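J.:
Number of protein chains: 2
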Amino acid sequence: MDACALLGGPKENWPADLKERLAAAKAAGQLLVGVDRGALFMLEMGLAPDLAVGDFDSLKPHELSWVEDVVPDIRYSVPKKDWTDSELMLGIAFEDYQLDRLKLYGATGGRMDHSLINLFDILNPNLRPYANQVSLEDKQNLIIYRNAGSYAIPQEGDYAYFGVTCLTPVRQLTIKDALYELAPYDGDYLRSFTSNEFLPGKADFKLSLASGSVAVVYSKDLIRFDQV
Amino acid sequence: MDACALLGGPKENWPADLKERLAAAKAAGQLLVGVDRGALFMLEMGLAPDLAVGDFDSLKPHELSWVEDVVPDIRYSVPKKDWTDSELMLGIAFEDYQLDRLKLYGATGGRMDHSLINLFDILNPNLRPYANQVSLEDKQNLIIYRNAGSYAIPQEGDYAYFGVTCLTPVRQLTIKDALYELAPYDGDYLRSFTSNEFLPGKADFKLSLASGSVAVVYSKDLIRFDQV
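Going down the list, the protein sequences come from chains A and B.
My numbering puts the first residue of the first sequence at 698, with every later residue one more than the last.
My numbering puts the first residue of the second sequence at 698, with every later residue one more than the last.
(1) Only counting runs of 4 or more residues, tell me where the alpha helix (DSSP H) segments fall wholly within the stretch 712-736 of chain A, in order along the chain.
(2) Any contact of the stretch 714-727 of chain A with the stretch 815-832 of chain A, i.e. 3+ C-beta pairs under 8 Å?
(3) Could you work out which residue in S916(A), K917(A), T891(A) and T862(A) is closest to L876(A) when comparing CA atoms only?
(4) Can you look up V925(B) in the DSSP assignment and give me helix, strand or coil?
(5) Output yes or no for whether 8 Å exceeds the beta carbon distance between V638(A) and A745(A).
(6) Run through DSSP, which three-state label would Y848(A) get?
(7) Would you mind sorting S908(A) into buried or exposed? The rule is 16 or more other CB atoms within 10 Å of its CB.
(8) Under the rule that 16 or more other beta-carbon atoms within 10 Å means buried, what is A725(A), buried or exposed?
(9) For L737(B) and T871(B), I'd like the C-alpha separation in whole angstroms.
(10) So with Cβ pairs under 8 Å, would you call I814(B) a contact of chain A?
(11) Just verifying my parser: in three-state terms, what is the DSSP assignment at S755(A)?
(12) Rounded to whole angstroms, how far is the Cβ of F753(B) from the Cβ of D733(B), which I believe are closer than 8 Å?
(13) Along the beta strand (DSSP E) that carries L833(B), what are the first and last residues, could you check?
(14) Within 10 angstroms of the Cβ of V775(B), are there 16 or more other Cβ atoms? Answer buried if so, exposed if not.
(15) Run down chain B in chain order and give the residues with a C-beta less than 9 Å from the C-beta of T891(A).
(16) Would you call H811(A) buried or exposed, if buried means 16 or more other Cβ atoms sit within 10 Å of its Cβ?
(17) Based on Cα-Cα distance, which residue from Y886(A), D782(A), L740(A) and L824(A) lies nearest to T865(B)?
(18) Output the distance between the C-alpha atoms of Y882(A) and K757(B), rounded to the nearest integer angstrom.
(19) Can you check the stretch 791-837 of chain A for any beta strand (DSSP E) of at least 3 residues that lies completely inside it and give the ranges in chain order?
(20) When you compare the CB of S916(A) with every CB in chain B, is at least one pair closer than 8 Å?
(21) In the structure shown, what three-state DSSP assignment does D766(B) receive?
(22) Pull out every residue of the stretch 872-889 of chain A whose Cβ sits closer than 8 Å to any Cβ of chain B, in chain order.
(23) Q830(B) to G806(A), Cα distance in whole Å?
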């Protein structure tokens, strides 16, 4: 089963068609997951989450009551805790619900401490085995994660660029069939190879790494500079 | 000497009073640095950068001419390169200009591959010795970096929260005199300890680490949820 989760990040960073995406996901039988205020955001769109996770401490009592009345599975976290709400959600999604793929929205923008957590939760050793099954999208970026292995990474939507960010030490990181190829690279720090592009006529580029984990960041420009 | 650098990130993410901040910095004798489109943004504010760095490939010819007419020190990067424009700028700032402190603006928002580079440039082993001298601010976040050592981290402005993110493996990471204390923590992955708060009546919290590098992320909520 696939799922879409909405976190509490600011609406200004959401994909413009998020409501339609979530409605289509629900219609296709996917699980909808609301994290903290994201559960309320879903209800406000007229979509009932199947699962809600969080401490919900930013919700007013009548907002929390609405969530509790509608959502069949609610997991309460405690404010002072070892796992963040989004880590907790990822654990439930993959261990209790045995999800195949999970797409995160509302994960970026606003408070940077929240964005960094949402971007890097998957590095928790308990969650890292699921990294390849997680993606994250906002109005301008799509992020996927890849543990060691060899992959054909497809073009997606209207994203013009991609970058590859080393999230851990990596060995033999290689990029082929792209505008900028990368010869096998060994590195020990958080480094990004960015502003790369798919080759005309190629539907994918080839990514491989012998060890470590990377993020592939698809991105696009929202503003044409000559229109500014 | 201190300096302020403006990168090419979207204006919507800038601190609201950026123009006033840069004008005050210039009046105080600080160096102004424009990176790529950031150099043009400064000129559009009526402020002449002292140094401009980049490949300037998003500038139209008359825009680039303006930069070249006004800016006394221009360093051109090449599009396909090992160092990013912002890494190059950091190297010039600390090695050629021997800066004491450098504050980055326009580093976040928009394309995530750019934001990740700007956030983590300082991990380049050639730049890491300067980490403690760099900060980065947008409309909602202030980020500083700390290599191994013991520090009193002061409250800043109206930032209500702080988080500490491990950017490398860390040993003996400790947080004291804060709402959530952290007993000496050893960790090997990019983990954030977040939504922490300064204690009432305390002007700082105590941070120490025996090895590794961390970011301290100050943040604030821009929207009061009960006004949404």
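Note that CB positions come from ideal geometry on N, CA and C, so glycine has one too.
Small disclaimer: the values here were computed from a predicted structure and weren't measured.
T.: So, from the listed chains and residues:
(1) Counting whole runs of 4 or more residues, the stretch 712-736 of chain A contains the alpha helix (DSSP H) stretches 715-724.
(2) Between the stretch 714-727 of chain A and the stretch 815-832 of chain A there are fewer than three C-beta pairs closer than 8 Å, too few to call the two in contact.
(3) Across the set S916(A), K917(A), T891(A) and T862(A), the C-alpha of T891(A) shows the shortest separation from the C-alpha of L876(A).
(4) Low confidence applies to V925(B): its pLDDT is 40, below 50, so where it sits in the model is not reliable, and the reading given next is rough at best. Residue state for V925(B) is assigned as coil, using DSSP reduced to three classes.
(5) With chain A running from 698 to 925 in the structure shown, residue 638(A) is simply not present.
(6) Note: Y848(A) maps to strand in three-state DSSP.
(7) Around the CB of S908(A), fewer than 16 other CB atoms lie within 10 Å, so the residue is classed as exposed.
(8) Counting Cβ neighbours within 10 Å, A725(A) comes out exposed, since fewer than 16 surround it.
(9) Straight-line Cα distance between these residues: approximately 42 Å.
(10) So, interface residue.
(11) Three-state DSSP puts S755(A) in coil, outside helix and strand.
(12) That belief holds up - the Cβ atoms of F753(B) and D733(B) are roughly 6 Å apart, short of 8 Å.
(13) Per DSSP, the unbroken beta strand (DSSP E) holding L833(B) starts and ends at V831 to E834.
(14) With fewer than 16 Cβ atoms within 10 Å of its Cβ, V775(B) is classed as exposed.
(15) T781, R808, D810, H811, L813 and I814, listed in chain order.
(16) H811(A) comes out buried.
(17) Selected option, being the one with the closest Cα: Y886(A).
(18) Going from the Cα of Y882(A) to the Cα of K757(B) covers about 35 Å.
(19) Within the stretch 791-837 of chain A, the complete beta strand (DSSP E) runs of at least 3 residues are 798-802 and 831-834.
(20) For S916(A), a Cβ of chain B is located within less than 8 Å of the residue's own Cβ.
(21) Residue state for D766(B) is assigned as helix, using DSSP reduced to three classes.
(22) For the stretch 872-889 of chain A, residues whose beta-carbon sits nearer than 8 Å to a beta-carbon of chain B comprise Y877, Y886, L887, R888 and S889.
(23) Answer to the nearest angstrom: the Cα atoms are 25 Å apart.
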